[in-house]
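Enquirer: So that we are looking at the same thing, I have put the structure below in structure tokens.
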Amino acid sequence: MADTDLKPSFKKQITERIDGLESLGKRIGLSTALLLVGAGTGRLAVNVSADSNQLQNRSINGNQILACIIEIILTLLAVYAYAHFSQRRLQRWGEGKLSKPDEPEFSWLKEEYQQQARHYLLLLLGAGLAWLLSLLLYFVLRRGLNTTESTATFWLLLTAGLGVYLHIKSSLCFYGWQLAVIAARQPAKPEDTKGLRAMLKFGAVLWTFMTIVYLILGLHFHQWAHAWLLYPIAGLTYCLLLTWSVAIRGLH
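Start counting the sequence shown at 592; every next residue gets the next number (this note's numbering).
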């Protein structure tokens, strides 16, 4: 009995770790979304300034080059923060020791995991809808309501940023529940996080690749207006892949 009093129960250990991951997900999600939206808004301000000075679309001045450099730094910083800190926390989670659960606790964990998988799917769909809404808003504002390019793009950036926040916030929490199930079935090892870390790396590579394509479209082909659409398209693609993955692994 003394042992039980000194050592937290399996359920308490799991919930404490999940709370930590959820808090981290909120912070990383918010900072990543703000960095991406901030980088895009800075680029937008430079484009508006260039238009007001009646510069040719194909001319590139010092401000545009500086905006590109800042945009690259902020975007890569956002991607690095998401991938690096998420992987570190997940690896520590996998290496941490947990007391083995008894049968009632393990049953609770399986039920909670399936419930969290459903909740995660809903949040993923919410992120997907935000990215889809960003595309629709852009075309409705730009083509339907004839607003300025800058207004349409600003709303596109905000809704795309909301999708990024929802995705990252929900991902870390759900990954924690996956690790909890692994840890309950066998002693947790660093190798147990390989699949989750691979998914995080895939996301980082996807966003970095989209940023490179975005810059090529803007700098080389001078299609800044259409280049904005890459971010929500990339987010929607990633959301669909994750939804398929979770539906297979999480709801069994």
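For each residue, glycine too, the CB sits at the ideal point set by N, CA and C.
(1) With residue 635 and residue 744 assumed to form a contact (beta carbons below 8 Å), what rounded beta-carbon distance in angstroms separates them?
(2) Would the stretch 712–726 count as touching the stretch 756–765 if we require 3 or more Cβ pairs under 8 Å?
(3) Tell me which same chain residues have a C-beta within less than 7 Å of the C-beta of residue 683, skipping the five on either side of it?
(4) Considering residue 716, what are the terminal residues of the alpha helix (DSSP H) in which it resides?
(5) Taking three-plus beta-carbon pairs below 8 Å as touching, is the stretch 763–772 in contact with the stretch 702–711?
(6) Check residue 819 in the structure and name its three-state DSSP category.
(7) Do the CB positions of residue 615 and residue 763 come within less than 8 Å of each other?
(8) Measuring CB to CB, does residue 734 end up less than 8 Å from residue 740?
(9) Can you give me the C-alpha to C-alpha distance between residue 818 and residue 801, rounded to a whole angstrom?
(10) If you check the beta carbons only, do residue 604 and residue 689 fall under 8 Å apart?
(11) So which of 727, 630, 792 has the shortest CA-CA distance to residue 805?
(12) Can you list, in chain order, the residues of its chain whose CB lies under 6 Å from that of residue 826, leaving out five sequence neighbours each side?
(13) Assuming residue 602 contacts residue 694 under a Cβ cut-off of 8 Å, what Cβ separation, rounded to an integer in Å, is found between them?
(14) In its own chain, which residues sit with a C-beta less than 6 Å from the C-beta of residue 646, not counting the 5 before and 5 after it?
(15) Going by beta carbon distance, what residues of the same chain come within less than 6 Å of residue 822, once the five residues before and after it are set aside?
(16) Can you name, in chain order, every residue of its own chain whose Cβ lies under 6 Å from the Cβ of residue 830, other than the five neighbours on each side?
(17) Measuring CA to CA, which of 607, 738, 624, 613 is closest to residue 749?
Expert: According to the data block:
(1) Right, the Cβ-Cβ distance comes to about 6 Å (below 8 Å), so this counts as a contact.
(2) These segments touch.
(3) Closer than 7 Å at the Cβ level, and outside the excluded window around residue 683, lies no residue.
(4) Membership of residue 716 in the alpha helix (DSSP H) is indicated by the continuous run 694–730.
(5) They touch, by the three-pair rule.
(6) Note: residue 819 maps to coil in three-state DSSP.
(7) A contact, by the Cβ cut-off of 8 Å.
(8) Taking C-beta atoms as the reference points, residue 734 and residue 740 fail to come closer than 8 Å.
(9) Here the alpha carbons of residue 801 and residue 818 stand approximately 9 Å from one another.
(10) At a Cβ-Cβ threshold of 8 Å, residue 604 and residue 689 count as neighbours.
(11) Closest option to residue 805, Cα to Cα, is 630.
(12) Only 722, 754 meet the Cβ criterion.
(13) The distance from the Cβ of residue 602 to that of residue 694 is about 13 Å, inconsistent with a contact at the 8 Å cut-off.
(14) Annotation note: pLDDT 45 at residue 646 (below 50); position unreliable, coordinate value reported separately. In its chain, beyond the 5 residues on either side, no residue has a beta carbon closer than 6 Å to the beta carbon of residue 646.
(15) Cβ contact annotation for residue 822 (same chain, cutoff 6 Å, sequence separation greater than five): 751, in chain order.
(16) Within the same chain, 715, 718, 719 come within 6 Å of residue 830 by CB-CB distance, once the 5 residues on both sides are set aside.
(17) The alpha carbon of residue 749 has as its nearest neighbour, out of 607, 738, 624, 613, the alpha carbon of 624.
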